Amino acid sequence: MTLHHVTFRAGSTITRKQYKRESGALNATNKFLEAHESTPISVVTIISPHQPVRIFRCHTELEEVTSKDVPFYNTKRWLTLRFKALDKYGQHCMCCNRSAEDGVRIDVDHVYPRSKFPKLEYELANLQILCNLCNVGKSNIVIKDFRDKDSQTALAQKISELHLKV
Ligand SMILES: [Zn+2]
């Protein structure tokens, strides 16, 4: 029988288990990482038949595997990040300064669009706040960063770290 071999590490404690089903291995990984969210070194390694070794350090990484059917903008990982962006920049359009009180919807926009830069889709440094009118106007063809210099520098740094060609 083929088994999924899972190694759980939290700090210096290492536990190994075997699972018959992939869903069992993934569920256990998720639970473990959620429970050890604040443990400095928590990592789970899954060795499955006919697959490259998978390593997870954060339960949000797992979401991509377990919830493939959930649209990007509904995933917990995106919603968490979206909230961080709103908290950091406030709920005003960075282009026209309108807010929900002016009857617009506030969007969290990817400066470099997801379609062309998937590696930046979960980067806080790649997010800005736009109203839906400005967002539609900008579209995903124009790349325009409406944020302050520091945020722009942080994004440039991220792009160079990831060796992206922009
Ligand atoms: Zn606007």
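Be aware that the sequence shown starts at 8, since it is given in this note's numbering, and climbs by one per residue.
From the three backbone atoms N, C-alpha and C, an ideal C-beta is built for every residue, glycine too.
All figures in this text were calculated on a predicted structure; none of them were measured in a lab.
Does Tyr129 come out as helix, strand or coil in the three-state DSSP assignment?
Numbered from its first residue, the sequence shown carries residue 129 at position 122. Here Tyr129 sits in coil by DSSP.
Just how far apart, CA to CA, sit Asn142 and Asp109?
By one-based count along the sequence shown, residue 142 stands at place 135. By one-based count along the sequence shown, residue 109 stands at place 102. Cα-Cα distance, rounded: 16 Å.
If you draw a straight line from the C-alpha of Ala127 to the C-alpha of Ala42, how long is it?
Along the sequence shown, one-based indexing puts residue 127 at 120. Along the sequence shown, one-based indexing puts residue 42 at 35. Going by the sequence as given, residue 127 is Leu instead of Ala. In a straight line, the C-alpha of Leu127 is about 27 Å away from that of Ala42.
Helix, strand or coil at Leu93 according to DSSP, with G and I counted as helix
On the sequence shown, position 86 is the one that residue 93 refers to. Leu93: helix per DSSP, three-state reduction.
Are the beta-carbon atoms belonging to Ile54 and Gly18 less than 8 Å from one another?
Residue mapping note: residue 54 aligns to position 47 of the sequence shown, counting from 1. Residue mapping note: residue 18 aligns to position 11 of the sequence shown, counting from 1. Their beta carbons are not under 8 Å apart, which means Ile54 does not touch Gly18 by this criterion.
Between the segment 131-139 and the segment 149-163, do three or more beta carbon pairs fall short of 8 Å?
yes
Which same chain residues, not among the five before or five after Thr14, have their C-beta less than 6 Å away from its C-beta?
Taking the first residue of the sequence shown as 1, we reach residue 14 at position 7. Once the five neighbours on either side are set aside, the close Cβ partners of Thr14 are Arg23, Thr52.
Apart from the five residues just before and just after Cys100, which ones in its own chain have a Cβ nearer than 6 Å to its Cβ?
Start at 1 with the first residue of the sequence shown, and residue 100 comes out as number 93. Around Cys100: Leu137, Cys138, Cys141.
Which of helix, strand or coil does DSSP assign to Phe15?
On the sequence shown, residue 15 is found 8 positions in, with the first residue counted as 1. Three-state result, Phe15: strand.
Taking 8 Å as the cut-off, decide whether the C-beta atoms of Ala92 and Gln98 are in contact.
Start at 1 with the first residue of the sequence shown, and residue 92 comes out as number 85. Start at 1 with the first residue of the sequence shown, and residue 98 comes out as number 91. Cβ atoms of Ala92 and Gln98: not closer than 8 Å.
Taking the straight line between their C-alpha atoms, what separation do you get for Cys103 and Asn34?
On the sequence shown, residue 103 is found 96 positions in, with the first residue counted as 1. On the sequence shown, residue 34 is found 27 positions in, with the first residue counted as 1. Roughly 45 Å between the two C-alpha positions.
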